[in-house]
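**Q** Structure below; questions to follow.
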Amino acid sequence: MNEFKKIVFDKEKILKVMESLQNAETKAFLASPPRNPENDPRWNDYAAMWMRDQLFMADAYYYFGMYEKLVESVYPIFNILHNQRHKLERISHPRDKNGKFITSELIHAKYDAATLKELTCRNSVTGHENPIEWGHHQLDAIGLFLHLVADLNFKNIDARRDENDKKILQLLIFYLINVEYWQQPDFGMWEECLIKHASSIGAVVAGLSYIKRRDLATVPEELITFGQNQLFRILPYESQDVCEREHHKWENSHDCDVAQLFLIWPFNIVGLEMADLLLDRIINGHKAKNGKFHRLVQSFGIHRYWGDDYYRDKNGVSAQWQWDFLISIIYSQRHQYETAFEWFKRGASRITDDGHIAEAYVDGKPNDHTPLGWMHALALIAFRKLPIQTQKTLLP
8 MNEFKKIVFD KEKILKVMES LQNAETKAFL ASPPRNPEND PRWNDYAAMW MRDQLFMADA
68 YYYFGMYEKL VESVYPIFNI LHNQRHKLER ISHPRDKNGK FITSELIHAK YDAATLKELT
128 CRNSVTGHEN PIEWGHHQLD AIGLFLHLVA DLNFKNIDAR RDENDKKILQ LLIFYLINVE
188 YWQQPDFGMW EECLIKHASS IGAVVAGLSY IKRRDLATVP EELITFGQNQ LFRILPYESQ
248 DVCEREHHKW ENSHDCDVAQ LFLIWPFNIV GLEMADLLLD RIINGHKAKN GKFHRLVQSF
308 GIHRYWGDDY YRDKNGVSAQ WQWDFLISII YSQRHQYETA FEWFKRGASR ITDDGHIAEA
368 YVDGKPNDHT PLGWMHALAL IAFRKLPIQT QKTLLP
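Each residue of the sequence shown is one higher than the one before, counting from 8 in the working numbering.
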């Protein structure tokens, strides 16, 4: 970052870009705009709605007092779950010959923003959807949904429209019991490895706990306890399972993962000592099980995890994602505002002139998924969590 360059954060422009991704009818957000004007599915893989991204973008409205837009942006998730009610009501979910869940038969993470229909994985050659290949089963998104609905209820905002929405919440509890969230693997936040993820289990524990505290559904206490016990068996690692990706094994990729930061915010599911440890391992680096030193923070952003092969530069270095705003939020939550401001400025220094925040940087440049709505949401929330006087210094 150029220390002599004044950092400016045009919140209206950042919000406008985020809102440009929202479908006027369904209120679903695209993760990122189509990259090909002819709508070629081989190149428009992010022109869809992910449950996780949708919920963070919805939550950003809260920090600007835009409560009607907030609840309207939660409704698409309820609508999707109503459409998928048959999956929530199953007592037994289909399994393969090895006894593992057939994840394409579980709740999906990705949907068409215009129709709210399930989307899966596009074959890079034909452009056709393949319902088997995609990492559908992402429990952190379910946990985030429960947590946000409960948090809004705590703030006197009811995201539930009627009795049917209330029933959906109870069915989700039933679903989490039947998919055995605490002991069966999921694909996690990055949709890659079918293993037990601390970030996924922690998200569900946080969501269940908050729903129970707000008395929005009946949640058996042991359902929370099962998850808590598993979570703290895994931490401080993201997973102690061995995944099928060969390079993840020798890189010890699951030792440390940015997804664990969400256990601190918004979920607040780990104590201060564990939160400090997770932050230190991600920010300052850590020695992996193989004895090598891994540092995720880089000059243009932060690796998701060590050995990430999603977008690499010409020298083989993993993509540098824009997680600076997430770390800023965490330090603001701790009232460590000077540190929060430094991380915020670090992220804001890479906002493009037209107000776009990239998913990640590769070879010092924004990657194809620019702007990324999720990053816009985190930036807006991070800005609002800074002290008012600090916010004023950032305005154009």
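We put the beta carbon where it would ideally sit given N, CA and C, even for glycine.
Just confirm the distance between the C-beta atoms of A347 and L393, as a whole number of angstroms; I'd bet it's less than 8 angstroms.
**A** Position 340 of the sequence shown, counted from the start, is the residue given in the question as residue 347. Position 386 of the sequence shown, counted from the start, is the residue given in the question as residue 393. Confirmed, about 6 angstroms.
**Q** Taking one C-beta from the stretch 111-118 and one from the stretch 77-95 each time, how about it: are there three or more such pairs within less than 8 angstroms?
**A** yes
**Q** Output the boundary residues of the beta strand (DSSP E) element that contains Y368.
**A** The sequence position of residue 368 within the sequence shown is 361, counting from 1. 367-369 is the span of the beta strand (DSSP E), which, as asked, contains Y368.
**Q** Thinking just about the alpha-carbon of each residue, which of A54, K162, A157 is nearest to the one in G72?
**A** For the purposes of this step, residue 72 is taken as residue 65 along the sequence shown, with counting starting at 1. Residue K162 is the option with its Cα nearest to G72.
**Q** Give the range of the alpha helix (DSSP H) segment to which D264 is assigned.
**A** Start at 1 with the first residue of the sequence shown, and residue 264 comes out as number 257. Neither: D264 is in no alpha helix (DSSP H) and is coded neither H nor E.
**Q** Along the chain, where does the alpha helix (DSSP H) that runs through V211 open and close?
**A** Taking the first residue of the sequence shown as 1, we reach residue 211 at position 204. Following the DSSP letters along the chain, one finds V211 inside the alpha helix (DSSP H) bounded by residues 205-220.
**Q** Name, in chain order, the residues that DSSP records as bridge partners for Y312.
**A** Position 305 of the sequence shown, counting from 1, holds the residue named residue 312. BP columns for Y312 point to D264.
**Q** In the DSSP assignment, find the alpha helix (DSSP H) that holds I337 and state where it starts and stops.
**A** Stepping through the sequence shown from its first residue, residue 337 is reached at position 330. Run containing I337: 331-340, per the alpha helix (DSSP H) assignment.
**Q** Tell me whether T225 is buried or exposed, calling it buried when 16 or more other Cβ atoms sit within 10 Å of its Cβ.
**A** If you number the sequence shown from 1, residue 225 lands on position 218. Looking at its Cβ environment, which holds fewer than 16 other Cβ atoms inside 10 Å, T225 is exposed.
**Q** Determine the direct distance from the alpha carbon of I276 to that of Y338, and round the result to whole angstroms.
**A** As a working note, residue 338 is residue 331 in the sequence shown. As a working note, residue 276 is residue 269 in the sequence shown. Going by the C-alpha atoms only, they are around 16 angstroms apart.
**Q** Going by the beta-carbon positions, is the gap between Y182 and G234 smaller than 8 angstroms?
**A** If you number the sequence shown from 1, residue 182 lands on position 175. If you number the sequence shown from 1, residue 234 lands on position 227. No; because the gap between Cβ atoms is not below 8 angstroms, this pair is not in contact.
**Q** State buried or exposed for N236, treating a residue as buried only when at least 16 other CB atoms are found within 10 Å of its CB.
**A** Within the sequence shown, numbered from 1, the residue matching residue 236 stands at position 229. Answer is exposed; the Cβ neighbour count stays below 16.
**Q** Would you mind listing the beta strand (DSSP E) stretches within the stretch 350-390 that are 3+ residues and don't spill past its ends, in chain order?
**A** Look at the stretch 350-390 and you find these whole runs of beta strand (DSSP E), each 3 residues long or longer: 367-369.
**Q** Tell me which same chain residues have a C-beta within less than 6 angstroms of the C-beta of V369, skipping the five on either side of it?
**A** Taking the first residue of the sequence shown as position 1, residue 369 is located at position 362. Within the same chain, V369 has close Cβ partners Y318, D320, A326.
**Q** Whose C-beta lies closer than 6 angstroms to the C-beta of A266 among residues of the same chain, with five residues either side of it excluded?
**A** To locate residue 266, count along the sequence shown from 1; it is residue 259. Contacts found: M196, S206.
**Q** Run the CB neighbour count on A213, radius 10 Å, all protein chains shown included, and call it buried at 16 or more, exposed below.
**A** Looking up residue 213 in the sequence shown gives position 206. Label assigned to A213: buried.
**Q** Can the beta-carbon of K203 be found closer than 8 angstroms to that of I241?
**A** Working through the sequence shown from its first residue, we reach residue 203 at position 196. Working through the sequence shown from its first residue, we reach residue 241 at position 234. A contact, by the Cβ cut-off of 8 angstroms.
**Q** Would A365 and F269 qualify as a contact pair, given that the criterion is a beta-carbon distance under 8 angstroms?
**A** For the purposes of this step, residue 365 is taken as residue 358 along the sequence shown, with counting starting at 1. For the purposes of this step, residue 269 is taken as residue 262 along the sequence shown, with counting starting at 1. The answer is no: Cβ separation not under 8 angstroms.
**Q** Am I right that L159 and A148 are in contact with their C-beta atoms under 8 angstroms? What's the rounded C-beta distance?
**A** Counting from one through the sequence shown, the residue named residue 159 turns up at place 152. Counting from one through the sequence shown, the residue named residue 148 turns up at place 141. That pair is no contact at about 17 angstroms.
**Q** What's the C-alpha gap between Q145 and I109?
**A** Taking the first residue of the sequence shown as 1, we reach residue 145 at position 138. Taking the first residue of the sequence shown as 1, we reach residue 109 at position 102. Rounded to the nearest angstrom, the two C-alpha atoms are 13 angstroms apart.
**Q** Measuring alpha carbon to alpha carbon, tell me which of G142, I164, K94 ends up nearest V414.
**A** With the chain running from 8 to 403 in the structure shown, residue 414 is simply not present.
**Q** Measuring alpha carbon to alpha carbon, tell me which residue in T400, A384, L401, L402 is nearest Y70.
**A** Position 63 of the sequence shown, counted from the first residue, corresponds to residue 70. Of T400, A384, L401, L402, the residue nearest in Cα terms is A384.
**Q** Rounded C-beta distance between G380 and D66? I'm assuming under 8 angstroms.
**A** Within the sequence shown, numbered from 1, the residue matching residue 380 stands at position 373. Within the sequence shown, numbered from 1, the residue matching residue 66 stands at position 59. 12 angstroms between Cβ atoms; not a contact.
**Q** Looking at the structure shown, is Q398 part of a helix, part of a strand, or coil, going by DSSP?
**A** Reading the sequence shown from its first residue, position 391 is the one you call residue 398. Helix at Q398.
**Q** Where does S99 land, buried or exposed, given buried means 16+ other C-beta within 10 angstroms?
**A** Here residue 99 corresponds to residue number 92 of the sequence shown, with the count starting at 1. Label assigned to S99: exposed.
**Q** My guess is that K18 and F390 are in contact by the Cβ rule of under 8 angstroms, so how many angstroms apart are they, rounded?
**A** As a position in the sequence shown, residue 18 is number 11, starting the count at 1. As a position in the sequence shown, residue 390 is number 383, starting the count at 1. The pair is a contact, with the Cβ atoms about 6 angstroms apart (cut-off 8 angstroms).
**Q** Looking only at C-alpha atoms, which of H261, D103, D360, T232 sits nearest to V249?
**A** Working through the sequence shown from its first residue, we reach residue 249 at position 242. The residue with the shortest Cα to Cα distance from V249 is H261.
**Q** Rounded to whole angstroms, what is the Cα-Cα separation between Y217 and Y68?
**A** Within the sequence shown, residue 217 is the residue found at index 210, counting from 1. Within the sequence shown, residue 68 is the residue found at index 61, counting from 1. Going by the C-alpha atoms only, they are around 21 angstroms apart.
**Q** Buried or exposed for V156, please, with buried defined as at least 16 other CB atoms from any protein chain shown within 10 angstroms of its CB.
**A** Locating residue 156 in the sequence shown gives position 149, where the first residue counts as 1. That one is buried.
**Q** Take N185 as the anchor and find which of P101, F300, S27 has the nearest alpha-carbon.
**A** Here residue 185 corresponds to residue number 178 of the sequence shown, with the count starting at 1. Answer by Cα proximity: P101.
**Q** So, under 8 angstroms CB-CB, F63 and L401 are touching, yes? Tell me the CB distance rounded to an integer number of Å.
**A** For the purposes of this step, residue 63 is identified with residue 56 of the sequence shown, where counting begins at 1. For the purposes of this step, residue 401 is identified with residue 394 of the sequence shown, where counting begins at 1. About 21 angstroms separates the two Cβ atoms, so there is no contact after all.
**Q** Can you check whether the C-beta of D315 is within less than 8 angstroms of a C-beta belonging to chain B?
**A** The structure shown contains no chain B; it is built from a single protein chain.
**Q** Taking DSSP as the reference, what is the three-state secondary structure of D66?
**A** Within the sequence shown, the letter at position 59 stands for residue 66. Looking at D66 - three-state DSSP - the assignment turns out to be helix.
**Q** Below 6 angstroms CB to CB, which residues in the same chain sit around K352 once its five sequence neighbours on both sides are set aside?
**A** Within the sequence shown, the letter at position 345 stands for residue 352. Apart from sequence neighbours up to five positions away, the residues of its chain that approach K352 with a beta-carbon distance below 6 angstroms are I14, ordered along the chain.
**Q** Which stretch, first to last residue, makes up the alpha helix (DSSP H) that contains H89?
**A** Translated into the one-based positions of the sequence shown, residue 89 becomes position 82. Counting along the chain, the alpha helix (DSSP H) containing H89 begins and ends at 74-90.
**Q** For Y53 and L37, what's the separation of their Cα atoms in angstroms?
**A** Reading the sequence shown from its first residue, position 46 is the one you call residue 53. Reading the sequence shown from its first residue, position 30 is the one you call residue 37. When rounded, the distance between both Cα atoms is 7 angstroms.
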